[in-house]
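Enquirer: Residue numbers (my numbering), protein chains in the order written: chain A, 1486 to 1749; chain B, 862 to 1116. To start, I am sharing the structure in question, which I have written as structure tokens.
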Amino acid sequence: MDNTLFKQYQQMLKKEKRYVRLYQLIILLVFFCGWELLSRFGWIDRLIFSSPTNVWHTLVEKVSDGTLTLHVGVTLMETIIGFIAGTLIGTLIAIVLWWSPMLSKILDPYLVILNAMPKVALGPILIVALGPGYFSIVAMGALISIIITTIVVYTAFKGVDPNYSKVLQTFGATRWQIFREVILPASFPTIISTLKVNVGLSWVGVIVGEFLVASKGLGYLIIYGFQVFNFNLVLMSLLIIAFFATIMYQVVELIEKAIVKNNG
Amino acid sequence: MEFLKVENIHHSYFSNTQAKEVLRDISLDIREGEFVSFIGPSGCGKTTLLSIIAGLFSSTEGKVYIDGEEISTHNQSLIGYMLQQDYLFPWKTIEENVTIGLKIMERSTKTHKVTAHALLREIGLPHVGNNYPRELSGGMRQRVALARTLAVDPKILLLDEPFSALDYQSKLKLEDLVVETLKAYRKTAVLVTHDIGEAIAMSERVFLFSANPGTLHRVFEIPSELQELSPFDVRQHPAYSDIFQTIWKELESLG
């Protein structure tokens, strides 16, 4: 009896999952078919909104002449480096602040200002200071996520139940040992969740950086396509960005699952 | 010969608006291998006193000696401290939790596995070494916390209401286990509790504190015939309720 009920329950779950997948697929199809039809029948301006088939042709063309791999490669590289640098530096600053409560008190208002400040506005200054090249674009990608990482991770460090530290203190642990054995592992879930936010932020930083200065990359393609009024190119770049940003996000989620498994 | 010596401890907490005196002129001696309890109304500073003995922070005035050595912060392996909850690290296995003290003290890692194994057997959980804390019940987790405390072979055990978060049955069982284990290892122990019955059942002497500010009010000797028994059997003994009444009345008189 129980067994049949359980089987029914499992089947119900399966069925629900299938429906969810089905509707997700329908939304995707409706979007692309609708886009194609609207554009074919001239209800939206073909020149501005392009159409899936045109985007596809552009994609095939750019892949076959080898330029797309270069642009995608450059942007991906910049984004990944910017993302890792932003997260690492942000976490390192959080560690320094945790280490010295005095320093964290002193720096508190500056963190607030830096956090409130729109980082992309610093773009022109970065380019002037670091030169118009990959380095300043990567710096944009990193800069945009550093401060928010610092704030979130530092808050997580401070939020760790002090009784865990007390346990180690009774064993005579040093501050560094307490950090390594308690504070850092207890904050892993938070650090991972900032990674997810930082994936999105780094893309923003890098794309804006490429808007400003680059001669390669997906951000450059968007700006170039805009300037020569080739919106096939713009929309293709957008779709590629969406694709790779999603993959990066999924990778971070996989890492999260692996690390957070035993933290519950 | 006293093993733990507390000498004229005064302690005050300071906040933005006031200074609050929590302990006034506390002096007491505890013999080696003795099990004593601190009881008293809330706010009598018994947990504060325990933290001072543990070296978690220094008292405003006064000194604490363990085995002739003055206590300071960062003393190693002198004390073992058990908290109200187990505070096992959820991201470490049971075995890693038990040996964390040894790791902190950087003792040779070769013996860790053996120590953990022996201790887990001692507390009646020989097969959980590779499990994670969340897979264990509250009582089992607190037993592991006891093993973690004993792993570093401390000179004295400080128990800060370690049974208060447990259900009654687990609590009675753990009381027996703690007394039995400490007797086997001949450890000196101080228990802070708000449960008079627990204090009588487990200890040889009970220190009653009064509040505002915390002072040592009275010391009760538990009769030797009760000291021989396990905590569970003490609760069944005819002499138990007399002592309970005495301490209860004294506690009531403090208001």
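No residue lacks a Cβ here, since even glycine has one placed at the ideal position from N, Cα and C.
1) In three-state DSSP terms, what is Arg968 of chain B?
2) Kindly identify the DSSP beta-bridge partner or partners of Phe1070 of chain B.
3) Where in the region 905 to 953 of chain B do unbroken runs of the beta strand (DSSP E), each at least 3 residues long, occur, reported from the N-terminal end onward?
4) Are any of the Cβ atoms in chain B nearer than 8 Å to that of Lys1643 of chain A?
5) Considering only the alpha carbon of each residue, which of B:Ala1050, B:Lys971, B:Lys953 lies closest to Leu1138 of chain B?
6) Output yes or no for whether 8 Å exceeds the beta carbon distance between Leu944 of chain B and Val1652 of chain A.
7) Grouping DSSP H, G and I as helix and E and B as strand, with all else coil, what is Asp1021 of chain B?
8) Quick check on Gly1749 of chain A - is its C-beta less than 8 Å from some C-beta in chain B?
9) Between Pro1594 of chain A and chain B, is any beta-carbon pair separated by less than 8 Å?
10) If contact is defined by three or more beta carbon pairs under 8 Å, each pair taking one atom from either stretch, is the region 901 to 909 of chain B in contact with the region 924 to 933 of chain B?
11) Suppose contacts are defined by Cβ-Cβ distances below 8 Å. Is Ile1744 of chain A in contact with Phe1673 of chain A by that definition?
12) At a CB-CB cut-off below 9 Å, which residues of chain B make contact with Leu1653 of chain A?
13) In the DSSP output, which residue or residues are listed as bridge partners for Leu889 of chain B?
14) Output, in sequence order along the chain, the residues in the region 903 to 922 of chain B whose CB is closer than 7 Å to any CB in chain A.
15) Per DSSP, which residues does Glu882 of chain B bridge with? Please list them.
16) Checking contacts by CB at 8 Å: is Ile940 of chain B closer than that to chain A?
17) For a test of the three-state rule: what should DSSP assign to Leu1007 of chain B, helix, strand or coil?
18) With DSSP as the reference, label Phe1711 of chain A as helix, strand or coil.
19) What does Val1013 of chain B touch in chain A if you count any residue whose Cβ is under 7 Å from its own?
20) Between which two residues does the alpha helix (DSSP H) holding Thr1543 of chain A run?
21) Please classify Phe896 of chain B: does DSSP put it in a helix, a strand, or coil?
22) Are Val1645 of chain A and Val1667 of chain A touching if we call contact CB-CB under 8 Å?
23) Would the region 1596 to 1611 of chain A and the region 1536 to 1547 of chain A be scored as touching if the rule is three or more Cβ pairs under 8 Å?
24) Terminal residues of the continuous beta strand (DSSP E) containing Ala1050 of chain B?
25) Do Met966 of chain B and Val1013 of chain B count as a contact pair if the criterion is CB distance below 8 Å?
26) Name, please, each residue of chain A whose Cβ falls closer than 7 Å to the Cβ of Tyr948 of chain B.
27) Under 8 Å, do Asp1021 of chain B and Leu911 of chain B count as touching if we go by C-beta distance?
28) Identify the continuous alpha helix (DSSP H) that holds Asn1648 of chain A and give its terminal residues.
29) Strictly below 8 Å CB to CB, what residues from chain B border Gln1662 of chain A?
30) Apart from the five residues just before and just after Gly1749 of chain A, which ones in its own chain have a Cβ nearer than 8 Å to its Cβ?
31) Is Glu1113 of chain B helix, strand or coil by DSSP?
32) Give a yes or no on contact between the region 1069 to 1085 of chain B and the region 869 to 887 of chain B, applying the rule of three or more CB pairs nearer than 8 Å.
33) Which residues of chain B have a Cβ atom closer than 8 Å to the Cβ of Glu1666 of chain A, listed in chain order?
34) So, using beta-carbon positions, are Glu1041 of chain B and Glu1059 of chain B closer together than 8 Å?
35) Per DSSP, which residues does Glu1082 of chain B bridge with? Please list them.
36) Leaving aside the five residues before and after Thr976 of chain B along the sequence, list all residues of the same chain whose C-beta is less than 6 Å from its C-beta, in chain order.
Expert: Taking the definition as stated:
1) Of the three classes helix, strand and coil, the one that applies to Arg968 of chain B here is coil, per DSSP.
2) Residue pairing by DSSP puts Phe1070 of chain B in a beta bridge opposite B:Leu1077.
3) Counting whole runs of 3 or more residues, the region 905 to 953 of chain B contains the beta strand (DSSP E) stretches 922 to 927, 940 to 943.
4) Cβ-Cβ to chain B under 8 Å: no for Lys1643 of chain A.
5) Any answer about residue 1138 of chain B is impossible in this case: the structure gives chain B only from 862 up to 1116.
6) Yes. Within cutoff.
7) Of the three classes helix, strand and coil, the one that applies to Asp1021 of chain B here is strand, per DSSP.
8) Low confidence applies here, because Gly1749 of chain A scores a pLDDT of 48, under 50, leaving its location unreliable and the question unanswered by this model.
9) Chain B places no beta carbon closer than 8 Å to that of Pro1594 of chain A, leaving this residue out of the contacts.
10) They do not touch, by the three-pair rule.
11) Between Ile1744 of chain A and Phe1673 of chain A, the C-beta spacing is below 8 Å.
12) For Leu1653 of chain A, the residues of chain B that pass the 9 Å Cβ criterion are Ile961, Gly962, Ile965, in the order they occur in the chain.
13) In the DSSP secondary-structure assignment, Leu889 of chain B is bridged to B:Val867.
14) Residues passing the 7 Å Cβ filter: Ala915, Leu917.
15) Bridge partners of Glu882 of chain B according to DSSP: B:Ser873.
16) Yes - at least one Cβ of chain A is within 8 Å of the one on Ile940 of chain B.
17) Helix.
18) If DSSP states are grouped into helix, strand and coil, Phe1711 of chain A belongs with the helices.
19) Against chain A, the beta carbon of Val1013 of chain B has neighbours under 7 Å at Phe1656, listed in chain order.
20) Its alpha helix (DSSP H) spans residues 1537 to 1549.
21) Strand.
22) Against a cut-off of 8 Å, the Cβ pair of Val1667 of chain A and Val1645 of chain A comes out as a contact.
23) The region 1596 to 1611 of chain A vs the region 1536 to 1547 of chain A: no contact.
24) Per DSSP, Ala1050 of chain B is one residue of the beta strand (DSSP E) stretching across 1049 to 1053.
25) Going by C-beta atoms, Val1013 of chain B is nearer than 8 Å to Met966 of chain B.
26) The contacting residues are Asn1648, Tyr1649, Val1652.
27) Against a cut-off of 8 Å, the Cβ pair of Leu911 of chain B and Asp1021 of chain B comes out as a contact.
28) First-last of the alpha helix (DSSP H) with Asn1648 of chain A: 1647 to 1655.
29) Identification of chain B residues near Gln1662 of chain A by a Cβ-Cβ cut-off of 8 Å yields Ile965, ordered along the chain.
30) Confidence in Gly1749 of chain A is poor, its pLDDT being 48 and thus under 50, which makes the residue's placement unreliable; the coordinate value appears in the next sentence. Within the same chain, no Cβ atom closer than 8 Å to the Cβ of Gly1749 of chain A is found once the five residues on either side in sequence are excluded.
31) Glu1113 of chain B carries a helical assignment under DSSP once its states are collapsed to helix, strand and coil.
32) Yes: the two stretches touch, three or more of their Cβ pairs being nearer than 8 Å.
33) Neighbours of Glu1666 of chain A on chain B, chain order: Phe950, Ile961, Lys964, Ile965.
34) The answer is no: Cβ separation not under 8 Å.
35) Answer by DSSP bridge pairing, in chain order: B:Arg1066.
36) Once the five neighbours on either side are set aside, the close Cβ partners of Thr976 of chain B are Ala1012.
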